[in-house]
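**Q** Each residue of the first sequence is one higher than the one before, counting from 8 in this note's numbering.
The structure that follows is given in the form of structure tokens.
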Amino acid sequence: MNSGLPLRDMSNSTPETRRFDPGEIEPRWQDAWDEADVFHVDDDAEDPSYVLAMFPYPSGEMHMGHVRNYAITDAFARYRRMQGDAVLHPMGWDSFGLPAENAANRRDIDPREFTMDCIANMRSQMELMGLGLDWDREVTTCEPEYFRWNQWFFKQFYEEDIVERQTAELNWCPDCETVLADENVDPHPDHEGTCWRCDTPIEHREMDQWFFTTTDYAGELYDTLDEMDGWPENVREMQRNWIGKQEGASVSFEMTTGDSVDIFTTRLDTIYGATFFALAPGHDVAGEIAAEHSEVAEYIDRAESSDDLPETSGVFTGEYAENPATGEQIPVYVADYVLEDIGTGALYAVPAHDERDHAFAQAHDIEIRQVVEPTAAAEHDPEDIDTEAAAYTDDGVLVDSGEYDGLASATARERFVEAFDGEFRTAHSLRDWCISRQRYWGTPIPFVECPDCGYVPVPEADLPVELPEFVQTTGNPLDAAEEWKHVACPDCGGDAVRETDTMDTFVDSSWYFLRYVSPGLADAPFDSERASEWLPVDQYVGGIEHATMHLIYSRFFTKVLDDMDLLTGVREPFENLLTQGMVRKNGEAMSSSTGNVVSPRPFVDSYGADTGRLFMLDAAQPEKDFDWTDEGAQSAHDFLQNVYGLAVAYAEGEVNTGDGGAIDEYVAREIDGAAATATEEFEQFRFNHALQEVRDLVSLLRRYADHTEPRAETFERGLETVTKLLAPVAPHTAEEVWHELGNSSLVATAEWPPTDTPAGYDTARLLVENTREDVRDIVDVAGIEEPRTIEIAVAPDWKHYARQRARELDGNVVGQLMGDERLQAHGEAAADYAKSLAGAGHLDEQLPPEREREALARASWLLEREFDAETTVYGPDEAPENLVSEATPGRPGIRIEE
RNA sequence: GCGAGGGUAGCCAAGCCAGGAAACGGCGGCGGACUCAAGAUCCGCUCCCGUAGGGGUCCAUGCGUUCAAAUCGCAUCCCUCGCACCA
């Protein structure tokens, strides 16, 4: 026993020499990484692991959500780097946007200046965290070098007909004085919704705006989701909901007005039950009719100005539409429940089989005609269906549908398309992306409006169109920049004005991950060849709040760029996606307004960056929310000091070393086992599980040194393995420990430990754990006060043999086993054992006898230590008979004496 | 309403895809070692009954498949999130 220097007192006996000062070591190692250029990835790197955190909006201060995001990507990036991969882990700034403009207005400064200060501040905080980022690839979207490519893309998209000018009713925030995308309107129960920034109720306005035609890609954006296994199901589902998909058919109705009106339906099977026709108030034909019928015009006015018409409101137009199925003339209504932007804004109504149609029919006293009834297999009895009382909306069998009676709904839908001259259509609810913003702090849209030539793109040679000096105004600032605004038309040279809208900042973030590939490139947005090789991003990490907008727009951009041959064969930008959970405090989201917050900088000042990183990754799996607690942070800090203390004690010769004895092999195997398990866990982003292995290994090394004089080579390998496994998570501490252990290189670039699990590791571990538990049970149940000796005996060879045979046998196991001469020799005992094997059901694989003995012998020190009793392990042929008789493979015989 | 994800011991939480040992961890609680003491560290216990490793009951509920179910299937109840006047 090594009683000379009890390690257990070490951490505190002389704290001043045992503890490290994060404030001292962290900057030192950050400098060392910089000097060695550890995080730079060369342009000629072959398909590096691309690990990407969603780039932040530079608000000026990092919050714990950022820290968590980057702690995750950094740990993964560092892990991959140690495995020998080239790793691209870049960072940039999503630096255009309204907050900077608002702040500039408030403080009477320039948004650019404000933004650049914020960036500098946030960058210094990231450096403080010791994030391993390739700053050579830093990208800042508000720099002309970046946003000129937004303009370039815009022009390219324009030529490819992906940019359109559309008149649309847009969401208008009267407070921000800007158009909002649907995505930026928060739903509200009482009205149309509120502005996502200022919560002001929004209004609607008709405006001409620039759009990207995302709808062209709706089908692919939707369908590919099924194959995107690397994305969490909830995000995929949110995108499915967002994009929407309705498979149906369109059919045309001839109207008494002379118009032919297209409808879209998913229930073409119910067409025989159509008893009226309805148009949205905004439908063109409704407008035409209104021109002649004042009642209709009045209704449309009311519908468009007020949001609270009753659901069944509507007005008969006096016109009729011909049902192509029946030839019948059905009355045409204009009804508010028909929405202009869903389907075609016109529908035939089947009150018997649609709830809204039913309600409308009842209110307007229109016939309800049932044409579908439940099949025999359905839950409802056809007798119980009363379509006068309620619509029956399930599929079923057609009735009252002329020659088609008896057809199943699904079949009818297919047949009717042909029969009534319709066409199959898949509709998506995704809309084109309005990118116009009436703000200053964004990318100017590179167009000029000429009174003679219309909208004319700014020639490529004149890009970038830079922003004029900031103007404070309540309206659109660029519109007020008189000098900047007036230019000569690029086509005719006449007087013209620039487009004064800027682009939605989601344009910036739709391709920034491509710019990282070649950030300084002056003649193209990115190096196409390299980007095609480096993309998709291997691992993308960010918040769930970007599930729809950013993550759909980026997918859209990637597809467009691939179609334009700027990329080759890259249809999706992000192979694997991880949405990290929230950092909470006291069960609630951290919020600086309520003071319920922990700020990174002061935390790092007192505990160090590593403590924060370790705590965050240790507290929960990345996708889950977790509560920040002071205890947790303290415990993470203690652990780091603990590891450091152990390493220093060893390095300074305070751990007496020797040959370790039988224990040594046990420890050696545990080191290998820990490395193997931790690696699997890192691979799956389960840092907390990997860290558990590290904690266990540290604890084992302490017990090893406490119990005996450890073998130097093993002990040192154990410490090095701990250090390496810890390095991705607590990189500064790991460097310091690595250095203390006598290494002159950096652990950041060290080779990851070997990850082969020792042979029979899991089985042996289970055997040892079970045996230890059995001993505890016996001591406990038998009331043994102070065990003096513990004897353990491996089952005899013949039992192992019998068990092995039994695993291969079917049928009469006992009979077949006892037919074996080798077992017959053991008579009654063999027969009993054969019976128990036969009754056992499944038989696990067990170690062969000699291996079992070795495993128990290696671990016997644990029993010795726990019970302070002399422990003997007998091999299969060495043990006393009475001990062996109870032993079975995987379950050694045990005898304990006081 | 549609869809997705869930319901595991006092609490948090793994395991479930690839069925096989009352079910990893952590917190809290209890006991012990070390200490003058505290802290730190270490060793146990923490569903019920058991003076030699045994028995019973168990993973929301109920059925079912199987030699064997927390794990697979069906049904029911509850929670969380997303979408929703989608024709």
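Every residue, glycine too, gets a C-beta built ideally from N, C-alpha and C.
Computed from a predicted model, the values in this text were never measured in an experiment.
(1) Is the beta carbon of GLY255 sitting closer than 8 Å to the one on LEU275?
(2) Give a yes or no on contact between the stretch 291 to 306 and the stretch 408 to 424, applying the rule of three or more CB pairs nearer than 8 Å.
(3) When the Cα atoms are used, what is the spatial distance from ARG562 to GLY576?
(4) Since VAL455 contacts GLU506 with CB under 8 Å, what's their CB separation in whole angstroms?
(5) From this set, VAL701, GLU672, PHE431, which residue's C-alpha is nearest ALA681's C-alpha?
(6) Is the beta carbon of ASP343 closer than 8 Å to that of LEU316?
(7) Please report the straight-line C-alpha distance between SER56 and GLN546, rounded to a whole angstrom.
(8) Pull up the CB-CB distance for LYS731 and MET89, whole angstroms please, since I reckon it's below 8 Å.
(9) Tell me whether the beta-carbon of PHE103 lies closer than 8 Å to the beta-carbon of GLY449.
(10) State the Cα-Cα distance for the pair LEU105 and TYR519, rounded to the nearest angstrom.
(11) In chain order, what residues of the same chain lie with their CB nearer than 8 Å to the CB of ARG676, ignoring the 5 residues before and after it?
(12) Comparing alpha-carbon positions, which option in TYR614, ARG858, HIS360, HIS696 lies nearest ILE392?
(13) Thinking C-beta only, is TRP217 closer than 8 Å to GLU742?
(14) Measuring only the C-alpha atoms, how far is SER10 from ASP713?
(15) Along the chain, where does the alpha helix (DSSP H) that runs through PRO765 open and close?
(16) Using DSSP with H/G/I as helix, E/B as strand and the rest coil, what is THR636?
(17) Where in the stretch 573 to 618 do unbroken runs of the alpha helix (DSSP H), each at least 4 residues long, occur, reported from the N-terminal end onward?
(18) Output yes or no for whether 8 Å exceeds the beta carbon distance between VAL801 and GLY882.
(19) For the pair the stretch 621 to 629 and the stretch 40 to 59, tell me if three or more CB-CB distances fall below 8 Å.
(20) Determine the closest residue to TYR153 out of ASN583, HIS365, SER525, with distance taken between C-alpha atoms.
(21) By a C-beta neighbour count over all protein chains shown, 10 Å radius and 16 as the cutoff for buried, is ARG783 buried or exposed?
(22) Out of TRP440, ALA529, ARG432, which one is the CA nearest neighbour of LEU470?
(23) Can you list the beta strand (DSSP E) stretches of 3 or more residues lying completely in the stretch 153 to 189, in chain order?
(24) Looking at the structure shown, is THR324 part of a helix, part of a strand, or coil, going by DSSP?
(25) If you check the beta carbons only, do GLN853 and PRO896 fall under 8 Å apart?
(26) Excluding the 5 residues preceding and the 5 following MET8 in the sequence, name in chain order all residues of the same chain whose CB lies nearer than 8 Å to its CB.
(27) Could you name the residues of the same chain whose beta carbon sits closer than 7 Å to that of GLU333, not counting the 5 residues immediately before and after it, in chain order?
(28) Over the uninterrupted alpha helix (DSSP H) stretch that includes CYS499, give me the two end residues.
(29) For ARG26 and GLU53, what's the separation of their Cα atoms in angstroms?
(30) Alpha carbons only, please: which of GLU227, ALA643, ALA107 is nearest the one belonging to ARG247?
(31) In the DSSP output, which residue or residues are listed as bridge partners for HIS211?
(32) Could you tell me whether the Cβ atoms of GLY321 and PHE271 are closer together than 8 Å?
(33) Which runs of the alpha helix (DSSP H) at least 4 residues long sit entirely within the stretch 476 to 561? Give them in chain order.
(34) Does the beta-carbon distance from THR3 to ASP101 come in below 8 Å?
(35) Under the DSSP definition of a beta bridge, which residues are partnered with ILE116?
(36) Can you tell me the Cα-Cα spacing of PHE689 and HIS746, whole angstroms?
**A** The relevant details are as follows:
(1) As a working mapping, residue 255 is identified with position 248 in the first sequence. As a working mapping, residue 275 is identified with position 268 in the first sequence. Going by C-beta atoms, GLY255 is nearer than 8 Å to LEU275.
(2) no
(3) Within the first sequence, residue 562 is the residue found at index 555, counting from 1. Within the first sequence, residue 576 is the residue found at index 569, counting from 1. Their Cα atoms are separated by approximately 13 Å.
(4) Mapped onto the first sequence, residue 455 falls at position 448. Mapped onto the first sequence, residue 506 falls at position 499. At roughly 7 Å, the Cβ-Cβ gap stays under 8 Å, so VAL455 and GLU506 are in contact.
(5) Against the first sequence, residue 681 aligns to sequence position 674. The shortest CA-to-CA distance from ALA681 to any of VAL701, GLU672, PHE431 is the one to VAL701.
(6) Walking along the first sequence from the start, residue 316 turns up at place 309. Walking along the first sequence from the start, residue 343 turns up at place 336. In this structure, ASP343 lies closer than 8 Å to LEU316 by Cβ.
(7) By 1-based counting over the first sequence, the position of residue 56 is 49. By 1-based counting over the first sequence, the position of residue 546 is 539. Distance between the alpha carbons of SER56 and GLN546: 8 Å.
(8) Within the first sequence, numbered from 1, the residue matching residue 731 stands at position 724. Within the first sequence, numbered from 1, the residue matching residue 89 stands at position 82. The pair is a contact, with the Cβ atoms about 7 Å apart (cut-off 8 Å).
(9) Taking the first residue of the first sequence as 1, we reach residue 103 at position 96. Taking the first residue of the first sequence as 1, we reach residue 449 at position 442. The answer is yes: Cβ separation under 8 Å.
(10) Within the first sequence, the letter at position 98 stands for residue 105. Within the first sequence, the letter at position 512 stands for residue 519. In a straight line, the C-alpha of LEU105 is about 19 Å away from that of TYR519.
(11) Residue numbering aside, residue 676 sits at position 669 when the first sequence is read from its first letter. Correct list, in chain order: PRO765, TYR768, ALA771, ARG865.
(12) One-based indexing of the first sequence puts residue 392 at position 385. Relative to the Cα of ILE392, the nearest Cα in the group TYR614, ARG858, HIS360, HIS696 belongs to HIS360.
(13) For this step, residue 742 is matched to residue 735 along the first sequence. For this step, residue 217 is matched to residue 210 along the first sequence. It is not a contact, given that the beta carbons lie outside the stated cut-off.
(14) Residue mapping note: residue 10 aligns to position 3 of the first sequence, counting from 1. Residue mapping note: residue 713 aligns to position 706 of the first sequence, counting from 1. With a pLDDT of only 27 at SER10, under 50, the local geometry of the prediction cannot be trusted, and the value read off the model is given with reservation. Those two C-alpha atoms are separated by around 8 Å.
(15) Numbered from its first residue, the first sequence carries residue 765 at position 758. Taken as a continuous stretch (DSSP letters only), PRO765 belongs to no alpha helix (DSSP H), as it is neither H nor E.
(16) For this step, residue 636 is matched to residue 629 along the first sequence. It is coil, neither helix nor strand.
(17) 607 to 614
(18) In the first sequence, the residue the question calls residue 801 occupies position 794. In the first sequence, the residue the question calls residue 882 occupies position 875. It is a contact, given that the beta carbons lie within the stated cut-off.
(19) No: the two stretches stay apart, fewer than three of their Cβ pairs being nearer than 8 Å.
(20) The residue you call residue 153 lines up with position 146 of the first sequence. The candidate whose alpha carbon is nearest that of TYR153 is SER525.
(21) Here residue 783 refers to the residue found at position 776 of the first sequence. By the neighbour-count rule (16 or more Cβ atoms within 10 Å), ARG783 is not buried but exposed.
(22) Taking the first residue of the first sequence as 1, we reach residue 470 at position 463. Of the listed residues, the one whose Cα sits closest to LEU470 is ALA529.
(23) 170 to 180, 185 to 187
(24) As a working mapping, residue 324 is identified with position 317 in the first sequence. In the structure shown, THR324 sits in a strand (DSSP, three-state: E or B).
(25) Residue numbering aside, residue 853 sits at position 846 when the first sequence is read from its first letter. Residue numbering aside, residue 896 sits at position 889 when the first sequence is read from its first letter. Their beta carbons are under 8 Å apart, which means GLN853 touches PRO896 by this criterion.
(26) For the purposes of this step, residue 8 is identified with residue 1 of the first sequence, where counting begins at 1. Only weak support exists for where MET8 lies, its pLDDT of 28 falling under 50; the coordinates are left without a value.
(27) Within the first sequence, residue 333 is the residue found at index 326, counting from 1. Note that residue 333 is Thr in the sequence shown, not Glu. So the qualifying residues of the chain are TYR279.
(28) For this step, residue 499 is matched to residue 492 along the first sequence. From DSSP, CYS499 is part of no alpha helix (DSSP H); its letter is neither H nor E.
(29) Reading the first sequence from its first residue, position 19 is the one you call residue 26. Reading the first sequence from its first residue, position 46 is the one you call residue 53. If you take the alpha carbons of ARG26 and GLU53, they lie about 42 Å apart.
(30) The residue given as residue 247 occupies position 240 in the first sequence. Measuring from the Cα of ARG247, the nearest candidate turns out to be GLU227.
(31) Along the first sequence, read from residue 1 onward, the residue named residue 211 stands at position 204. Residue pairing of HIS211 in beta bridges, as defined by DSSP: ASN178.
(32) Position 314 of the first sequence, counted from the first residue, corresponds to residue 321. Position 264 of the first sequence, counted from the first residue, corresponds to residue 271. No.
(33) 484 to 487, 489 to 492, 512 to 515, 519 to 522, 535 to 541
(34) Here the chain has residues from 8 to 905 only, and residue 3 is not among them.
(35) Within the first sequence, numbered from 1, the residue matching residue 116 stands at position 109. According to DSSP, ILE116 bridges with nothing at all.
(36) Taking the first sequence and counting its residues from 1, the one referred to as residue 689 is at position 682. Taking the first sequence and counting its residues from 1, the one referred to as residue 746 is at position 739. C-alpha separation (whole angstroms): 24 Å.
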